[in-house]
Amino acid sequence: MRAHALIFLGAPGAGKGTQAREVAKQFSIPQISTGDILRDAVKKQTPLGVAAKAKMDAGELVPDEVVCGIVEQRLGEPDCRNGFILDGFPRTIAQAQFVDRVLQAKGHGRPQVLDIEVDEELLLKRLTGRRTCSACGEIYNVHFNPPKVDGVCDKDGGKLLYRADDNEQTIRQRLEAYHRQTSPLIDYYRAQGLLHEVDGNKDAESIARELREFFARA
Ligand code: AP5
Ligand code: MG
1 MRAHALIFLG
11 APGAGKGTQA
21 REVAKQFSIP
31 QISTGDILRD
41 AVKKQTPLGV
51 AAKAKMDAGE
61 LVPDEVVCGI
71 VEQRLGEPDC
81 RNGFILDGFP
91 RTIAQAQFVD
101 RVLQAKGHGR
111 PQVLDIEVDE
121 ELLLKRLTGR
131 RTCSACGEIY
141 NVHFNPPKVD
151 GVCDKDGGKL
161 LYRADDNEQT
171 IRQRLEAYHR
181 QTSPLIDYYR
191 AQGLLHEVDG
201 NKDAESIARE
211 LREFFARA
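Numbered per the numbering used here, the sequence shown spans residues 1 to 218.
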């Protein structure tokens with residue numbers, strides 16, 4: 001099997017994490033979310049977490065050298081040999097150029113880039129309604145995908161948490177950072193013929209089905 005190097009691109013709340021979890025299971029490859037790694041570091045109060053927290057709380061990007069270092073280390077782990085999903089990375093042109101170099105050096109070839117596009121008014125509702133399981137990371141939404149019991153994960157009974165950056169003011173900043181620093185990556189990858197656009201306005205199951213069909217053809 002050809003190694004899958006997949007990049008999930010999209011605005012905050014587009015559904016990168018929701019879809020990446022499914023695709024990772026389908027191909028038995030790891031989902032590497034720089035946001036999740038950073039949140040874990042914040043929780044454990046490691047030097048990385050302490051340095052990143054202010055940026056994350058402000059809805060700004062963490063410096064390129066910090067996130068590139070995290071990704072380089074993670075891609076060196078054995079479970080990445082047959083491929084991986086980068087969820088929320090790269091987010092700047094400098095990060096994308098770093099990915100190009102790393103993929104080439106590790107013999108992964110060119111990535112497939114999935115750009116999940118969602119209308120802006122939906123994003124706010126998705127983000128303010130998100131709840132995430134503190135134990136297994138399962139992602140819920142009080143409007144679109146509620147748990148059976150309020151505040152409790154259907155899968156393992158874990159407590160559902162609200163993300164610190166999912167408040168309206170920080171969401172505005174995150175969207176601004178996305179438009180200014182990350183959206184240029186759409187043209188960057190389109191120009192190289194690597195971009196596959198996904199209509200992220202549909203329900204999560206329809207999108208998952210489309211992605212399965214896409215990978216079956218790819
Ligand atoms: P990160 O954790 O990556 O956050 P983000 O990009 O803002 O994206 P989200 O995780 O909020 O959204 P998502 O697209 O994963 O949506 P989800 O599937 O959860 O980054 C956080 C911070 O870390 C950044 O602000 C920055 O500070 C830092 N950082 C991270 N990476 C960095 C990098 N590379 N460089 C620099 N800094 C970095 O879905 C959202 C909600 O919608 C859920 O409730 C879900 O249930 C629901 N939902 C999903 N799909 C659907 C659907 N189709 N229909 C209805 N509801 C849906
Ligand atoms: Mg996410």
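All residues carry an ideal CB built from backbone N, CA and C; glycine is no exception.
Just the Cα atoms here: how many angstroms apart are residue i and residue j?
i    : j    : result
A204 : T18  : 8 Å
D87  : D199 : 17 Å
L195 : R163 : 29 Å
T55  : R74  : Note on residue identity: the sequence assigns Lys, not Thr, to residue 55. Going from the Cα of K55 to the Cα of R74 covers about 21 Å.
G69  : F89  : 12 Å
S183 : D166 : 20 Å
E213 : V152 : 32 Å
A105 : H143 : 44 Å
E210 : A218 : 12 Å
G10  : I186 : 9 Å
H179 : I32  : 22 Å
V50  : L175 : 23 Å
D40  : F98  : 23 Å
R101 : E72  : 11 Å
K25  : D150 : 26 Å
A191 : R172 : 29 Å
L38  : G109 : 27 Å
I85  : G193 : 19 Å
G76  : A216 : 27 Å
S206 : L103 : 30 Å
Can you check whether the CB of residue j is closer than 8 Å to the CB of residue i?
i    : j    : result
D154 : K148 : yes
D57  : T170 : yes
P30  : L127 : no
G158 : A177 : no
F219 : L160 : This structure cannot settle anything about residue 219, because the visible part of the chain is limited to 1 through 218.
E197 : E117 : yes
Might you give, ordered along the chain, the residues of its own chain that have their beta carbon closer than 7 Å to the beta carbon of residue i, omitting 5 neighbours on each side?
i    : result
F27  : H4 and G83
G219 : Any answer about residue 219 is impossible in this case: the structure gives the chain only from 1 up to 218.
Y189 : V113 and L195
A208 : Q19 and E22
P146 : Y140
V261 : Residue 261 is absent from the structure shown; the chain starts at 1 and stops at 218.
For residue i, I'd like the list of residues in its chain whose CB is within less than 8 Å of its CB, leaving aside the five on either flank, ordered along the chain.
i    : result
Q181 : L61, R91 and T92
M1   : Low per-residue confidence applies at M1: pLDDT is 42, beneath 50, and the placement is therefore not dependable enough to give any value.
D119 : N201
D64  : T92, A94, Q95 and F98
E168 : L124 and T128
Excluding the 5 residues preceding and the 5 following residue i in the sequence, name in chain order all residues of the same chain whose CB lies nearer than 6 Å to its CB.
i    : result
Q112 : L6
K53  : V42
D79  : P30
A14  : I116, V118 and G200
query: Within the chosen definition, does the region 116-130 reach the region 90-105 through at least 3 CB pairs nearer than 8 Å?
result: no
query: For the region 37-56 against the region 9-24, are there 3 or more C-beta pairs whose distance is under 8 Å?
result: Counting C-beta pairs closer than 8 Å gives fewer than three between the region 37-56 and the region 9-24, which falls short of the contact rule.
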